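Input: a single structure, listed below in structure tokens.
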Amino acid sequence: MAAQNNAPLPDGLEIAGYRIVKKIASGGFSIVYLAYDEDGNAVAIKEYLPSSLALREPGELVPTIAAENLPIFRIGLKCFFEEGRALARIAHPNVVSVLNFFRANDTVYMVMAYESGRSLQEHILRRRDKGERPIVSERFIRKMFSHVMMGLREVHTNKLLHLDLKPANIYLRVDGTPILLDFGAARQTLKTDQPKLYPMYTPGFAPPELYEKNGNLGPWTDIYSIGASMFACMVGAPPQPADQRKVSDKMEGHLRKLEGIYSSELLDVIRWTLKLDPLERPQSVFALQKALREPVQEKKGGETLQNLSRKVRGLFSRFGKDRDPLNTIQDTTQYQ
């Protein structure tokens with residue numbers, strides 16, 4: 269069944285004690301609404317509604333699902349529900365807060381705390397399009413991703429993987445602190461006694477094992493995506509997709525262009541996270557946290573500001589939108 273546009277729930281609808289205000293985002297698997305609870309608190313409600321499996325016409329509440337799609341729809345629904353239960357057990361300032369989840373209209377809903385801010389992707393694109401050089405400073409990268417990794421470490425401690433980490437799924441509050449969003453791909457747990465459900469992935473941010481039917485998934489899988497997201501902060505574009513890297517790896521050349529703009533220590537951390545062989549990457553978030561906290565060594569006879577500025581201008585001209593196929597970050601919305 270081809271993907272189709274599902275009609276959102278009508279504005280003003282009362283459902284399970286929440287009043288729908290409006291749709292704020294939609295994707296291939298879900299629709300997200302701004303809503304208010306009975307106490308007047310703003311929440312985000314995520315509705316499981318895969319557009320390739322179910323169709324809801326305008327004015328309807330219950331989607332139509334073809335008989336041949338029911339088995340996989342129900343598997344996804346169960347995983348969505350289990351994901352909500354798992355995330356509801358996690359109370360961490362850098363992980364989206366799941367307040368409730370419920371069944372209605374033959375599907376499942378996840379209620380999350382509503383946060384004001386914007387995605388890291390939007391932050392990158394705005395700075396890139398304004399001509400900021402560098403797009404994101406090393407200090408910002410180190411500080412922000414240290415918080416991201418604290419949240420991710422808590423996720424892994426709860427036997428859950430994210431599997432779709434990217435700037436679009438890292439949300440920056442107004443105060444700049446990040447939140448991990450969209451665990452829609454987190455259908456593979458760290459438990460080995462359960463059948464695997466293979467997640468969708470985002471080229472550039474996904475490691476090679478996500479392309480494989482029987483790929484060995486673990487904390488190292490999310491760690492690759494952390495490195496890819498740090499790289500995207502630097503150049504305003506995702507890395508070369510992993511399947512292309514296995515044929516002709518160009519990442520080392522791209523990283524060398526960043527020398528002198530970012531410290532060798534930070535670039536080496538990114539090299540480590542982006543190893544194609546999972547066994548050559550950090551095996552835990554703790555190991556990566558330790559590496560990212562390593563002090564930056566001052567270079568003897570440091571470069572002048574003029575030389576550094578010249579390097580920055582040269583780098584970003586080489587990463588220009590019309591010249592480099594890596595520049596493929598696409599706009600998405602929060603919670604999707």
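Using the working numbering, the first residue of the sequence shown is number 269, and each one after it goes up by one.
C-beta atoms are modelled at their ideal positions from N, C-alpha and C, and glycine is treated no differently.
It should be emphasised that the depicted structure is a prediction, and the values quoted were computed from it without experimental measurement.
Shown here, Phe370 sits in a strand according to DSSP, grouped into three states. Rounded to whole angstroms, the separation of the alpha carbons of Thr541 and Pro278 is 44 Å. In its chain, beyond the 5 residues on either side, Ala359, Met380, Ala381 have a beta carbon closer than 8 Å to the beta carbon of Ser365. Rounded to whole angstroms, the separation of the alpha carbons of Ala474 and Pro509 is 7 Å.
Here Ile288 is bridged, per DSSP, to Ala303. His424 sits away from Pro361, with the two beta carbons spaced by 8 Å or more.
Distance from the CA atom of Lys411 to the CA atom of Gly285, rounded to whole angstroms, is 39 Å.
Going by DSSP, Glu351 is part of the alpha helix (DSSP H) stretching over 338–356. DSSP places Tyr439 in no alpha helix (DSSP H) but in the uninterrupted beta strand (DSSP E) bounded by 438–441. Residue environment analysis places Phe554 among the exposed positions, since fewer than 16 neighbouring C-beta atoms fall within 10 angstroms of its C-beta. In summary, Leu338 is exposed, with fewer than 16 beta-carbon neighbours lying within 10 Å of its beta-carbon over all protein chains present. When rounded, the separation of the alpha-carbon atoms in Leu323 and Asp432 is 25 Å. The straight-line gap separating the alpha-carbon atoms of Gln512 and Tyr479 is approximately 11 Å. For the 8 Å CB-CB criterion, Ser497 and Ile438 form a contact. In this structure, the straight-line span from the alpha carbon of Asn373 to that of Glu315 is close to 10 Å.
By the Cβ criterion, the region 521–534 is not in contact with the region 386–397, since fewer than three pairs of Cβ atoms, one from each stretch, lie closer than 8 Å. In the same chain as Lys543, and ignoring 5 residues on each side of it, the C-beta atoms closer than 6 Å to its own belong to Arg549, in chain order. With contacts defined as CB atoms closer than 8 Å, Val330 and Phe349 fail to qualify as a contacting pair. The shortest CA-to-CA distance from Asn309 to any of Ile288, Ser319, Asp450 is the one to Ile288. DSSP places Lys314 in the strand class (E or B) of the three-state scheme. Looking at the DSSP output, Tyr530 shares a beta bridge with Glu527. In the structure shown, Leu478 adopts helical secondary structure according to DSSP, grouped into three states. For a cut-off of 8 Å, the C-beta gap from Pro435 to Ser384 is around 18 Å, too long to register as a contact.
Residue environment for Thr470: buried (at least 16 other C-beta atoms within 10 angstroms of its C-beta).
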